[in-house]
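Let me begin by presenting the structure, written as structure tokens, before commenting on it.
Residue numbers (this note's numbering): 270 to 353.
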């Protein structure tokens with residue numbers, strides 16, 4: 270389980286870096302088909318909408334994930350964080 274948490278922590282860092290660099294190709298590789306994301310305005314977007322909005326060059330600089338929560342639930346995990 271500890272190794273799973275380490276891998277998921279690294280995956281989350283990759284996710285944050287990919288947001289900042291608008292790396293749609295990387296997201297296409299790592300996101301599950303049933304992926305959902307909470308936007309800052311509290312809207313919820315599915316994988317297709319997330320990839321579309323990620324393709325727009327990011328104006329975000331120095332994005333940081335804070336209060337990262339990783340929950341292992343059987344054979345899947347939920348990662349949720351606040352970003353600044």
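Backbone N, C-alpha and C fix where the C-beta goes; we use that ideal spot for every residue, glycine too.
As the structure is a computational prediction, the values presented were derived from the model and not from experiment.
- For residue 342, which residues does DSSP report across the bridge? 345, per the DSSP bridge assignment.
- Task: Have a look at the DSSP bridge pairing and note the partners of residue 334.
- Result: As computed with DSSP, residue 334 is found in a beta bridge with 352.
- Message: Please identify the residue among 311, 296 and 291 whose C-alpha is closest to the C-alpha of residue 351.
- Response: Minimum Cα distance to residue 351 is reached at 311.
- DSSP state of residue 313, grouped into three classes? Residue 313 falls in the strand class under three-state DSSP.
- Task: Identify every residue that forms a DSSP beta bridge with residue 290.
- Result: BP columns for residue 290 are empty, so no partner.
- Item | Bridge partner(s) assigned by DSSP for residue 305 | 315.
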